[in-house]
Structures are given as C-alpha cells and as structure tokens.
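Enquirer: Chains as they are written, first to last, in my numbering: chain X, 105 to 301; chain P, 105 to 301; chain R, 105 to 301; chain E, 105 to 301; chain W, 105 to 301; chain U, 105 to 301.
Structure incoming, see below.
6 protein chains.
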Amino acid sequence: MATGEPASGRFALPELDALPGDLKERIEAVRAKTGFVPNVFRVLARRPDEFRAFFAYYDALMLREGGLSKAEKEMIVVVTSAANQCPYCVVAHGALLRLFSKDPLLGDQLAVNHRQVDLGARRRAMLDAALKLATTPQTFGERDVQSLLAQGFTREDVWDIGAITALFALSNRLAHLSDMRPNREFFALGRGAAPSV
Amino acid sequence: MATGEPASGRFALPELDALPGDLKERIEAVRAKTGFVPNVFRVLARRPDEFRAFFAYYDALMLREGGLSKAEKEMIVVVTSAANQCPYCVVAHGALLRLFSKDPLLGDQLAVNHRQVDLGARRRAMLDAALKLATTPQTFGERDVQSLLAQGFTREDVWDIGAITALFALSNRLAHLSDMRPNREFFALGRGAAPSV
Amino acid sequence: MATGEPASGRFALPELDALPGDLKERIEAVRAKTGFVPNVFRVLARRPDEFRAFFAYYDALMLREGGLSKAEKEMIVVVTSAANQCPYCVVAHGALLRLFSKDPLLGDQLAVNHRQVDLGARRRAMLDAALKLATTPQTFGERDVQSLLAQGFTREDVWDIGAITALFALSNRLAHLSDMRPNREFFALGRGAAPSV
Amino acid sequence: MATGEPASGRFALPELDALPGDLKERIEAVRAKTGFVPNVFRVLARRPDEFRAFFAYYDALMLREGGLSKAEKEMIVVVTSAANQCPYCVVAHGALLRLFSKDPLLGDQLAVNHRQVDLGARRRAMLDAALKLATTPQTFGERDVQSLLAQGFTREDVWDIGAITALFALSNRLAHLSDMRPNREFFALGRGAAPSV
Amino acid sequence: MATGEPASGRFALPELDALPGDLKERIEAVRAKTGFVPNVFRVLARRPDEFRAFFAYYDALMLREGGLSKAEKEMIVVVTSAANQCPYCVVAHGALLRLFSKDPLLGDQLAVNHRQVDLGARRRAMLDAALKLATTPQTFGERDVQSLLAQGFTREDVWDIGAITALFALSNRLAHLSDMRPNREFFALGRGAAPSV
Amino acid sequence: MATGEPASGRFALPELDALPGDLKERIEAVRAKTGFVPNVFRVLARRPDEFRAFFAYYDALMLREGGLSKAEKEMIVVVTSAANQCPYCVVAHGALLRLFSKDPLLGDQLAVNHRQVDLGARRRAMLDAALKLATTPQTFGERDVQSLLAQGFTREDVWDIGAITALFALSNRLAHLSDMRPNREFFALGRGAAPSV
C-alpha cells in the first residue's frame, strides 16, 4: 500500500503472495481494475473460507440484476454504514456511489443525513426502511414492507433492500472488529476535478 | 411442516422439490439428523446463491475448530439475538445451546439477561464484548479487545467472537425482514424430561 | 430448595420456620399447590410488612374478576418484565402463562418479541400500551387510553392493564435489587411432553 | 378541592362520603394534618383494595425506622420521579422534601439535576444507584450494591433505597395512567416566606 | 452575593468593578431592576466579547416584538432547558415565566412534563416542536414546520420558536460547562403569597 | 449562487442588495476571499440583529488567540455537528478543517467516527469532552474537566472547547430549522489534486 497506514489497526495480515490461488486471483482482478487493493480484501484474506463466503454473498446481492440500480444499492450501504459510524464502509462505498451516480456530492450528503437530501419519495422510503432495519431491527414490520410496496417496489426489491442492509450490518461489524481503515485512494475517487483553492 | 404455521409471514417460499440439487441435499441432511427442516433453510432457499453464501459463512465460523466451544458460540448467538429481539434465532439457537451445553436452563437464562447468569469472568467478558459489537458497534474498540485478551482469549478467539456476532447481525435482520418463525420443534428440544405438573 | 441455588444472590434470607404465622401459612399454601416455594416468597419474607403489602396488591389485581383473562394478565407481566430483562418474572410468569393459556409456546414467544406473535388487534393494543407505560411512562397519554377503548376495553380494563404494568415495574426492580433467581421448576412447567431428542 | 381542577384527568372518582370506613378515616386524618386531601388519595380510592395495599407498602417503607432519614427517602422519590417526568410525585414529594429537610431549594434542585447539587459522596451514591434502578433496572448489579456499602450504607439501607425506588416506579406509572395532577397547595408548601418582588 | 454560593462551581470569576464599562452598565441596570445580579451575568463576564454577543443575541430574540408572547418564549426556554437538565435555566426562567404569565404554578409544571399541562393545541404544538429541535435536531423537518403553521403560527413565529430553542441549546451548555448555579432569589420569585403551613 | 439550489429549503431569503450596509460589507469580504457566499450568511441575513450577534460570537471564539489551533477548533465543530447530523456544518467546516490542517482526509474521517482516527490522547480527550457536552450536556461534569486538564489543557482552553461546542449546538439547530444546505463549492475545497480515475 502506498499509504503507509495498515489495513487493520488490530490484526496481523497475511502477505498477498501467501494466499490461496482463488483469493489471489480475485484480489489481482480488483487491483487491475481500480489501481489499488481495497483494505477489506486484505483484512478478510486472513480467513480464506470467510473471505469466500463474504464475497459470494456480496456478489449475489450487489451484482444481482433486479429492480434496484447500482447507485441505489450503494445509497443503502452508505446510509446504514453511516448510522453504524463505520469509516471503511462509508468512505469506500461513498466513492462507489459517486462513480455509479455520477454525482460527486451524493455520498457526502447521504453520510451526514439522508433526510435532508432531495431524493424523491421512492428513494426516501427505501432509505428509511433500510435505516430502521439496520438500527432497530426488532421494530421492522409489515408496515415498513407496505410502505415500500406503496412506492412501487416489488417483493423481490424489498428482499434486496433488506438483505443488503443485513449484509452491511455484518460488514460494518467486521470493520469495527478489525479497526479496518479506508485506503487513501477512496477519499478522492469520483469527485471530478477539484476547484483550485 | 407439521405446525401449520408458515416459515415466513411475508415471502412466498419455493417447494423443496423445485430447489437446486445442492440445496435439496443440504436440507435433506438436516431433516435426517433433526427430524424436521428448520425454517431458516426454507426461507433462504428462495435465493439459492444467498443460501449457499450464508451457510458457507455459517459453517466457516460455527464448525471451525478453535478456542471457543460449540456451546460458547451458541451463547453468543443467543445473547446478541435476544438484544435484537429475533424470535427465530433466540428459539432455534436456545435449543442448540441446551443440546451442546447439556444445561436445560441456560438458553432461557441468557435470553433474558446474561448479566444475571453465573458464567465466570471469561464467558461474561465474551458476552459483554459480543453484545457491545452487536448493539453499539461504533463504540467497540481496543479496550474491548484488551478485555478479551486479559481473560485468556487469543486474537483468533477475538475474531471468532466478533465474526459470529457479525454473522448473526446479518441473520437477525434477515429473520426480521422475512418475519421468520421458529419451528415448534425447537421450543422443547433439549429440555429433558419435563416435571409432571 | 432442591436446586442448590440461593433464591437471592445478594441478601440473607430468613428460615421459613422463623416467619410470622400469616407468612408461613401463605407460603405453605403455595407449596401445597405447586410443589415448591417460589423464590419471590423467600426473598420478600425478609420484610414481613412489605411481603404483606406486595401480596395484597398482587391479589387485588391478579385475582380480581374483570375484563381481562388470567392469561391476558400474565401476557402483560411477561412482556413488560422481558423489556426490563427480569429473569425471575419472565421465567416464573412465562410458566404461569403456559398454564393459563394452555399454549406451551406463548411465553417464550412473547418474551422475545410480542410484535411477532399473532395475537389479534385487541391483545396487540393491550401489550403495546403496557410496554409503553413500562418503558417510557412519561409519554403515556390520552391517545394510548383511546387506543385501548377503541379495541373494546372498558375504563376498568384500562386501569387493570396499567396497574398490573405498574405493579411489575415494582416487582422487576425488587428482583433486580435482590438478584432474585427463578426456581428451576419454573423453566419446564406447563411445557407438556417434550419430544424425545 | 379549592383548585377547581380534577384530581385525575382520566378516571371518574368516587365521592369521599361513599368510601369504606377505613379509607375515609385515613383520608380525614391526612386532611386534618395538612389541610387538604392530596390527590393520590382521591384517585386510588376508586379501588379500595389497591388503596389499602399501596398505603400499607408506603407506610412500611416511608415510616420505617432505619438508616435513611425522612429527607433522604424523599430525595430518592423526587429524583426518580423526575426521571419519569411524573408531575404528581415530583411536586408533592418536592414539598415533603422541603418540609423534612428545612431547605426550601433542595426539591427544585434535585428535580432538575441531582448531579449539580452539593450533596456529599454518600447521598450522591444513594441517588446514582436509585436512578439506575429506576431507569435501567436491567443493568443494576453487584457493583452498584458495593458502591453503596462503600459509602457506609448497610444491606438494610440498600434494600430501603431499592425498595423505595421500586415503589415509586409503581407510583409514577399509576400517576401517568390516571393523569394524576398535583394539588395546588403542594407547589408553595415549605417554601418559607417568599421575597417580595 | 448574599447566598454565599459561588455563581460558577468551576471557573474563577472577575470582580464586577474590574469589568469594561458597557458590561458594568448592563449588570447595574439588571441589579437595579431585580435587586440582585443573576449569575449568568457574572459567569459570562469573564469573556467580555462573548458576553456582548450572547446578550445581543438574547435581546434580539427575547425582546423582539412578534407573534409569541413573553410568556410563550419563556415556556420554550423552561421546557427545552428541563430536557437538558440545566439547573440555572430551569430555575431562572421558571421564575420569569411565573412573572410574565402571572401563573405561579406554570414553571414547575412545565419543568416536569409539558405533556401533562393543559395548554391548548397551539402551545402544545409549539413546545413539541421546540423539544424535538432541542433533543433530536437531526429529525426536525418539514412536517414539524407544517404542524406549527397549521396552528396559526407564521413563518416568522416558526423562526422565533426555533431560534430561541437554539439559543438555549447554547446557553444550557455554557451553564453545564461552568457548573452555573441559580441565585437563591430565583427560586421564590413570582410565587405570590405562600400559604402558611 | 451558481448551484441552482436554494440556501434554505424553508425560508424566503432577502436579496443581498437590500441588506444593511454592515451585513453587505461582511458578505462581500467573504466572497472576495473564498469566491462564493457561504449559505449561512444568506440564511442568517434575514434577521440582521441575529446575524450580527451570531458572527460576533463566532469571531469571539473562532478567531480568538489561545491554546487551541484553528484546526483543533474545526475538529470540534465537525465532530459535534456530525453527531447532530447537520449537513451544512459538517460539509462547510469539514472543508475548513482540510484547509487549516493541510490534511485532505481528516474532515471525512472525523465526520464518520472520531474514535477511529489516530489523533493522540490530547485531541481524543478534547473531542470526547466536546461530544459529551454536545449530546448529553446533563452528564458533563467535573470529571470531564479534569480529563482535559490532565491532557495539558488550561482552564481557558476548557472554556474554548465547551463554548465552541455550545455555539455549534446553536448553529446546528439553526441549520436544521432552516434546512440550510451546504454550497456545492465546499464539498471539494481543500481536497488537493484528485487522483485521476
């Protein structure tokens, strides 16, 4: 890593060269595409079976074709991860949201307070439901599902919204467990040309 | 199901016969062992890729040999799921805890208040840390890790404690999303002979 | 006690033989009926005047003929005591609820999350109101009373719901104060024949 | 009542003349002593058995000779009732505290924030423990008991502190249930000569 | 000060004689009017520029002619300061509320629980909105503004309600920072003739 | 404004030309320096007296020479405003923090979770105390002051930390009241050259 800061403040991490072939392959593919190795890959690689399960789950939800756009999925990740105050997920997925939405401000806005972003009723309902499931899951109920259906979401969309929220409930906790730090590269990604100051 | 109650109050579930072969196989293996199909298998089967990822993650953590006993892992599941008021996980894993610990009372005691169960300092520290990561992950930090190490847990044990907590943060939310109900069979499992009343 | 565990983890308890006659009489009547002495009697007996007042209050509310069934009264006790994480009250009154309702699962279900139990609108309203008075009494107001009246409860029923909640607000705190432990016998009471495992 | 405001905003109250003899007697004794009938007597009188049990409990704790002074008992009532935002108990017992402590300011100070009143370590510990048992009873534990013992309180004093807190957990909820209002007379009681303005 | 208690429990305060002329002038004007120097003047005087800015803000809002009466403004101060458990602001502005409203009970009633005071819908809406902005500002939104407009408040009134709440969010925190104590004189101010006891 | 988005989502704002001379002057000075008019100036300008008081307070604290650096003051603003989920203050002062600290990442890191930023014990203590005063002012006490003094802060520094926190408790609430939106320019300010993506 160019940053000089370790990926985890808390656990020793394996050398990439020493990893099983399938992990190495996935990691090199990411590096080829983005130019660096996101720290979540380095941290989870210390437990190859959990690495495989995590990214299989991630792919199943985040790459799945369905009613939610890639940007909408990242909105859910940013808003629920901000509620859990998870630095890695807010910064890394804030960057992805900038890239997918072509909006350089949306990630920062949603990370502070999704209620004060002009999103339209559909996306507001999506984020309200996700935030409720993330923070007070015991109160999530039929009324919340009906609110989503009333905005035109299908039952499969409802599952996607809830399951992405659930996956990042896991992911946020892994990041807090390992004191996972966002790579420096994520902070500026997708911001476009910065005005000179 | 003999119970007449659906596994999910909210989503249509696939017929078991129509599932991919590997899902059918896993489900039949469970039925052969326990005598019934736990509802989590029925509900997750509606998304085969997510089913595979979830149970791969589950096996990687819950079947892993390491410093935590099977009963200790179930203690973590019961206590954190109780904090999230998740009926499926509290009842199903309360049953597993009775079986693994040979203690017919422990599941019910932990589900109400782990602070009032005589567990010894090691297990109390384990459950305190898990509960903190489950409910206020943003406050989990180095001090919590040090508390675990001071009780003799290794760094790998700390990872296990945190990762099991994280997996059930996901699992609890899937259960609330789908209104997943515990099978009737779980309630009595492992209670031993009930005193005649 | 057959259990070997003390009734209170915190206060020395009197010998039953040394108690005033009216306390001894009440305690022996309970033992004759249920086969053991519930720990609440042992713990409260250390202060005979408070014992008398507590059980006079208990009888006035729990034995009173009115619009609430015996099972409904126990539902209130279980749900509000679970919110206060009171082991004695959840376990002992969970057992009574199994006996009164003839439903071996209802106590465990309500102790985890009453919102996910199919109770009908009347009982759901009863438990919502009780839980609000138990946990955030300062927000209980006319709107809550009207919600109960709208479900067909009378003003006297409203008083019963609120007063039972209030009595167990006291009872839960006495149990936490004294680290009161549920007798082993309560855990299995009213579960019916357990399936062989 | 001279005030023209009903004792309860929510329940019809019996005529004092129609009450059972023992209730009438107690009420007349209070009126003879203080010059008015505190509303708690009017409200609870609608259920004579509960009235008797409540005041038996009250007398057992509040009139009991022991390690706590009358003023200290009222401090517990004021602080825990303020946390529950109970108008009747804060105002009525704030008045009693002024009378017992001969300090015209103490009730108002404690009702706002007991942490900012110069009470000494013993009383601060007493109120900290009472407030914890009142508001988060599930976290009250051995450490809290030890804090009290370390300040010189006996085990019986600990019971008194906890039991008074528990009784007013009940009392506050009865007051919220019935929308019980403090008599006007309580507001000025024990303030001494007001400075001319 | 006649009271013998320092204005701040935490910071050394300047001699009044040593203050800049404009501060001395303002303080003497207050003393001439009320007969004593309220402690907020003594505490803030240790930083003259902040003193000037604070009282300029205070005058701009509290002396402004508009849709809110002087008593209504003080109601906002008392209710939001009580939520922040700020002794100085609750006691000092409770006194001002008694003077402006000519109601000797209103301050004490609002300090305990504004929901149980018969205020009418307009004032209830005003205090509900102020309390929300004071305690959970991130959830204050258009719906809250609309609730106020629906009660006949103008947009300028909404600004006043919100800005007074905001100013006392600052003021309460300065008081907690400095452990500011209410002058004894405030407790009795405006209570009228106390009944003889 | 170039952005096309109004400075306030809720209140009509005055034309800059129509403002009193001193406000116009201050606003033009800011525009000359930063190249745009930050929305807080536009929104507060609708009440010139409050504008003057607010910025007098702001200057008194934020421009004051003392023990806190400009960057440390902005850290307090970012962390407490993030806790209040205030978009304007987090984004605008996050930008100022990038400029003053020359660290393009610090603002985003602190806005998510100050506990996971490597700040050293002194700044960690400063932000812990500020956050406590911001979110639970009623629990701020002598122990918090002592923690700051133990890190080498002077009493005047403690005042600065607390008073800046208090001023932004006000500022955050004005921003929520008016639905104040950060200017687009703030998001990119001080990020340095963005890596090409």
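The beta-carbon is built from N, C-alpha and C at its ideal position, and this holds for glycine as well.
All of these numbers come straight from a predicted model, not from anything done at the bench.
Can you say whether Thr184 of chain X is buried or exposed, counting buried as having 16 or more other CB atoms within 10 angstroms of its CB?
Expert: Thr184 of chain X should be labelled buried.
Enquirer: At which residue ranges does the region 208 to 257 of chain W contain complete alpha helix (DSSP H) runs of 4 or more residues, listed in the order of the chain?
Expert: Fully enclosed alpha helix (DSSP H) runs of 4 or longer: 210 to 216, 225 to 239 and 246 to 254.
Enquirer: Assign Glu169 of chain U to buried or exposed, taking buried as 16 or more other Cβ atoms, counted over all protein chains shown, within 10 Å of its Cβ.
Expert: Exposed: under 16 other Cβ atoms inside 10 Å.
Enquirer: Does the region 152 to 159 of chain R come close enough to the region 210 to 219 of chain E to have 3 or more Cβ pairs within less than 8 Å?
Expert: Contact between the region 152 to 159 of chain R and the region 210 to 219 of chain E is absent, because fewer than three Cβ pairs lie under 8 Å.
Enquirer: Grab me the residues of Gly171 of chain E's own chain with a C-beta within less than 8 Å of its C-beta, minus the 5 sequence neighbours each way, in chain order.
Expert: The answer, listed in chain order, is Phe257, Thr258, Glu260, Asp261 and Asp264.
Enquirer: Based on Cα-Cα distance, which residue from E:Ala199, E:Glu246 and E:Pro152 lies nearest to Asp283 of chain R?
Expert: Taking only the C-alpha atoms, the option nearest Asp283 of chain R is E:Glu246.
Enquirer: Apply the 10 Å Cβ neighbour rule to Ser112 of chain X and answer buried if 16 or more other Cβ atoms are within range, or exposed otherwise.
Expert: Burial call: buried.
Enquirer: Using a Cβ-Cβ distance under 8 Å, would Tyr161 of chain W count as near chain U?
Expert: By this cut-off, Tyr161 of chain W is an interface position.
Enquirer: So, is Gly296 of chain R buried or exposed, given that buried needs 16 or more other C-beta atoms within 10 angstroms?
Expert: Gly296 of chain R comes out exposed.
Enquirer: So if I threshold CB-CB distances at 7 Å, which residues from the region 189 to 218 of chain W count as touching chain U?
Expert: Answer set for the region 189 to 218 of chain W: Gln189.
Enquirer: Indicate the three-state DSSP secondary structure (helix, strand or coil) for Ser112 of chain E in the structure shown.
Expert: The answer is strand: DSSP assigns Ser112 of chain E an E or B state.
Enquirer: Name the two residues that bound the continuous alpha helix (DSSP H) containing Asn287 of chain U.
Expert: Element bounds for Asn287 of chain U: n/a, residue is neither H nor E.
Enquirer: In whole angstroms, what is the alpha-carbon distance linking Arg202 of chain U and Val182 of chain U?
Expert: C-alpha separation (whole angstroms): 11 Å.
Enquirer: Using a cut-off of 9 Å between C-beta atoms, extract the partners of Gly266 of chain U located in chain W.
Expert: Near Gly266 of chain U (Cβ distances below 9 Å), the residues of chain W are Arg277, Leu278, His280, Leu281 and Ser282.
Enquirer: To the nearest angstrom, report how far apart Leu293 of chain R and Val195 of chain E are at their CA atoms.
Expert: Those two C-alpha atoms are separated by around 45 Å.
Enquirer: Mind checking which residues open and close the alpha helix (DSSP H) that includes Glu132 of chain W?
Expert: Gly125 to Thr138 is the extent of the alpha helix (DSSP H) around Glu132 of chain W.
Enquirer: So which residues of chain R does Ala238 of chain P contact, with C-beta pairs closer than 9 Å?
Expert: The premise fails here: Ala238 of chain P is roughly 15 Å from chain R at the closest Cβ pair, so nothing lies under 9 Å.
Enquirer: Cα separation between Ser173 of chain X and Cys193 of chain X?
Expert: Using only the alpha carbons, I get a separation of about 19 Å.
Enquirer: Please report the distance separating the alpha-carbon of Pro191 of chain X from that of Glu178 of chain X.
Expert: Roughly 15 Å separates the two Cα atoms.
Enquirer: Helix, strand or coil: which one does DSSP assign to Arg151 of chain U?
Expert: Coil, per DSSP.
Enquirer: Between the C-alpha atoms of Thr138 of chain X and Ala186 of chain P, what's the straight-line distance to the nearest angstrom?
Expert: Taking the straight line joining both Cα atoms gives about 41 Å.
Enquirer: Are the beta-carbon atoms belonging to Glu154 of chain U and Ala164 of chain W less than 8 Å from one another?
Expert: A contact, by the Cβ cut-off of 8 Å.
Enquirer: In chain P, what lies closer than 8 Å to Phe186 of chain R by C-beta?
Expert: According to the sequence as given, residue 186 of chain R is Ala; it is not Phe. In chain order: Val216.
Enquirer: Suppose the cutoff is 7 Å on Cβ atoms and the five residues either side in sequence are ignored; what does the same chain contact list for Leu127 of chain X look like?
Expert: Around Leu127 of chain X: Ala149, Pro152 and Phe155.
Enquirer: Phe257 of chain E touches chain R at which residues, Cβ-Cβ below 8 Å?
Expert: Under the 8 Å cutoff, chain R gives no residues; its nearest Cβ is about 13 Å from Phe257 of chain E.
Enquirer: When the Cα atoms are used, what is the spatial distance from Arg277 of chain P to Ala238 of chain X?
Expert: In a straight line, the C-alpha of Arg277 of chain P is about 8 Å away from that of Ala238 of chain X.
Enquirer: Rounded to whole angstroms, what's the CA-CA distance from Leu281 of chain P to Leu274 of chain P? Just pull it up for me.
Expert: Between Leu281 of chain P and Leu274 of chain P, the C-alpha separation is close to 10 Å.
Enquirer: Taking His197 of chain W as the reference, give the member of W:Tyr162, W:Arg227 and W:Arg226 with the closest Cα.
Expert: Of the listed residues, the one whose Cα sits closest to His197 of chain W is W:Tyr162.
Enquirer: Assign Asp222 of chain U to one of two classes, buried (16 or more other C-beta atoms within 10 Å of its C-beta) or exposed (fewer than that).
Expert: Looking at its Cβ environment, which holds fewer than 16 other Cβ atoms inside 10 Å, Asp222 of chain U is exposed.
Enquirer: Could you tell me the boundaries of the alpha helix (DSSP H) in which Val183 of chain U lies?
Expert: Looking at the DSSP string, the run of the alpha helix (DSSP H) that includes Val183 of chain U is Lys174 to Ala187.
Enquirer: Just the Cα atoms here: how many angstroms apart are Pro110 of chain P and Pro286 of chain P?
Expert: Between Pro110 of chain P and Pro286 of chain P, the C-alpha separation is close to 10 Å.
Enquirer: Closest to Arg288 of chain R by CA distance: which of R:Glu129, R:Val216, R:Ile180 and R:Pro142 is it?
Expert: The option with the nearest alpha carbon to Arg288 of chain R is R:Pro142.
Enquirer: Are the Cβ atoms of Ser251 of chain U and Ala229 of chain U separated by less than 8 Å?
Expert: In this structure, Ala229 of chain U lies closer than 8 Å to Ser251 of chain U by Cβ.
Enquirer: At a CB-CB cut-off below 9 Å, which residues of chain U make contact with Gln242 of chain X?
Expert: The premise fails here: Gln242 of chain X is roughly 23 Å from chain U at the closest Cβ pair, so nothing lies under 9 Å.
Enquirer: Could you check if Glu119 of chain E is buried or exposed, using at least 16 other CB atoms within 10 Å of its CB as the buried criterion?
Expert: With fewer than 16 other Cβ atoms within 10 Å, it is exposed.
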